[in-house]
Structures are given as structure tokens and as C-alpha cells.
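Right, one structure below, let's go through it.
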Amino acid sequence: MSIEVLIADDQAMVRAGFAALLDAHEGITVTGQASDGAEAVALAARLDPDVILMDVRMPELDGIEATRRILGPGYPAAKVPRILMLTTFDIDDYVYDALQAGASGFLLKDALPEELVHAVRVIAAGDALLSPSVTRRMIAQFAAQKPRTTASGNLLAELTDREREVLVLIGQGRSNNEIAANLFIAEQTVKTHVGKVLAKIGARDRVQAVIFAYDTGLAEPA
1 MSIEVLIADD
11 QAMVRAGFAA
21 LLDAHEGITV
31 TGQASDGAEA
41 VALAARLDPD
51 VILMDVRMPE
61 LDGIEATRRI
71 LGPGYPAAKV
81 PRILMLTTFD
91 IDDYVYDALQ
101 AGASGFLLKD
111 ALPEELVHAV
121 RVIAAGDALL
131 SPSVTRRMIA
141 QFAAQKPRTT
151 ASGNLLAELT
161 DREREVLVLI
171 GQGRSNNEIA
181 ANLFIAEQTV
191 KTHVGKVLAK
201 IGARDRVQAV
211 IFAYDTGLAE
221 PA
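Position one of the sequence shown corresponds to residue 1 (UniProt numbering), numbered consecutively onward.
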């Protein structure tokens, strides 16, 4: 099945370029384009895309608020889309706000064409992706500034000891293979634990799990 993509950017040339690039690759179809955040919210409900390329800075409604609305409870769509944030500015505040809003990835607009195509496929598959310049240190820095909530603590209490170990390693940015080697268990077992951890803490993907690990103090800044 083709990955259906919605592009939201206030620059027509950028939208056209992304659309031409993605449509040229097998298995990816651009089904809509939005010129601002408000239009992106409306089109997402109508077109029900798999992935949304969302510019951070747009008129009427910025990409972060549009992401919050699309991924919020009660949104009228058949499926929850994955959102890849795109920006010209590598600014930590925007990155963290976007991830907190529920975005599954973050990529700079100067990324190579193949990096964008790869990002769309990764996001559509349910994984998370960050620009190489966006690090766990940034997530730790901003999470440390936020008060820890009782709700997060209660969710953390639902994890088994092994699941906590896995979450700590996720917070450190470890891959499933690395977690398996660290805990001396099979990689398939790690995948099972990761799935349970995400379900119990209500995280959509590993990026959300990293944020949760720092928010609860399970992972600490180096």
C-alpha cells in the first residue's frame, strides 16, 4: 500500500518541491497540500493521511499547535497520522515543543532528498526519527526544566523492573540490538518489552518514550 502524505508549508515552492520529490518514489503518494496550520488541520481530517510533513513556522496557526490539534483527543480522523516536523531553524525550543506535541520526527529543510524520503518511510512504519543535530541532551535539558507530574509517576509505577531497565536504555538512545546486548537477552525479547513499555506509558514511539524517561527522572542528564 502507498504511504499517503500531506504537506503543510506556507511556501508554495517548498510544497511543490517536496511533492515532486516524494511522488517520484514508489510507494509514496502526496494526497494534499496546505498553506498554513489551520488548513493542515482541516485537510488532515478530510484526507486521513499516513504522514504529515509539517512546517514549524506558518501563518494563521503554527505547525506545533496544528500538531497538537491533529493528535489531540477526539480528532475526527479514521487513523492517527504520523507527523514529521520540518524547519529551516535548528532551534531547541521548537524541537522540544514539537516532540511534546506528539510529533514523531524532526528534520531540517536542508536535509538531502534521500534523507527526506527515508524519514517519511521511517515515520510511516511507526518508528521515530530526529535530525542528527537534535540530540538527547536537548531533550534532557528541557525536560529537566519541567515539574514532574503525578500522572507520569503513576504510569511509571505500572512498569516491571525489566521494563524500567529497557526504558532507561531507550532514554539513552540505545537501539534494540544495543539493549539486547546490554541486558543479555534476545533482540525479539527487547522488541516485546519496548512494545509493552510504549503501551503502558501511552507513548506513540521511542521519541515520546525518551521524553517520558526524562520527565519522570528515570533518565538523568549526563
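The beta-carbon is built from N, C-alpha and C at its ideal position, and this holds for glycine as well. Predicted, not measured: the structure shown is a model, and the values here were computed from it.
Grouping DSSP H, G and I as helix and E and B as strand, with all else coil, what is Thr-67?
Looking at Thr-67 - three-state DSSP - the assignment turns out to be helix.
Give the range of the alpha helix (DSSP H) segment to which residue 224 is assigned.
For the chain, the structure presents residues 1 to 222; residue 224 sits outside this window and is missing.
What number of angstroms, rounded off, separates the C-alpha of Pro-132 from the C-alpha of Phe-184?
The pLDDT assigned to Pro-132 is 48, lower than 50, so where the model puts this residue is not dependable, and the model offers no usable value.
The beta strand (DSSP E) spanning Phe-106 covers which residue range?
Element bounds for Phe-106: 105-108.
Can you say whether Asp-23 is buried or exposed, counting buried as having 16 or more other CB atoms within 10 angstroms of its CB?
Exposed, since its Cβ has fewer than 16 Cβ neighbours within 10 Å.
Per the contact definition of three or more C-beta pairs closer than 8 Å, is the stretch 35-42 in contact with the stretch 105-122?
With the cut-off at 8 Å, the stretch 105-122 and the stretch 35-42 do not touch.
Three-state secondary structure (DSSP) at Leu-21?
It is helical.
Helix, strand or coil at Ile-185 according to DSSP, with G and I counted as helix:
In the structure shown, Ile-185 sits in coil (DSSP, three-state: anything other than H, G, I, E or B).
Using the Cα positions of Leu-53 and Pro-76, report the straight-line distance between them to the nearest angstrom.
The C-alpha of Pro-76 is placed about 19 Å away from the C-alpha of Leu-53.
Who are Met-54's beta bridge partners in DSSP?
Paired residue(s): Ala-8, Met-85.
Helix, strand or coil for Gln-33? Go by DSSP, reduced to three states.
DSSP places Gln-33 within a strand segment (E or B) once states are collapsed to three.
Measure the alpha-carbon distance for Val-51 versus Val-30 and round it to whole angstroms.
Taking the straight line joining both Cα atoms gives about 9 Å.
Can you tell me which of the three DSSP states Asp-205 falls into?
Asp-205 falls in the coil class under three-state DSSP.
Could you round the C-beta distance between Gln-33 and Ala-45 to whole angstroms and report it? I think they count as a contact, below 8 Å.
Actually they are not in contact, since the Cβ atoms of Gln-33 and Ala-45 sit about 15 Å apart, beyond 8 Å.
What does the alpha-carbon distance come out to for the pair Leu-156 and Val-14?
Taking the straight line joining both Cα atoms gives about 42 Å.
Comparing alpha-carbon positions, which option in Gly-217, Val-5, Ile-201, Ile-170 lies nearest Lys-191?
Selected option, being the one with the closest Cα: Ile-170.
Name the two residues that bound the continuous alpha helix (DSSP H) containing Pro-113.
Where Pro-113 is concerned, the enclosing alpha helix (DSSP H) stretches over 113-124.
Assign Gly-63 to one of two classes, buried (16 or more other C-beta atoms within 10 Å of its C-beta) or exposed (fewer than that).
Classification of Gly-63: buried, given that the 10 Å Cβ count is 16 or more.
Quick one: give me the first and last residue of the alpha helix (DSSP H) that Arg-174 is part of.
Membership of Arg-174 in any alpha helix (DSSP H) is not indicated, and neither H nor E is assigned to it by DSSP.
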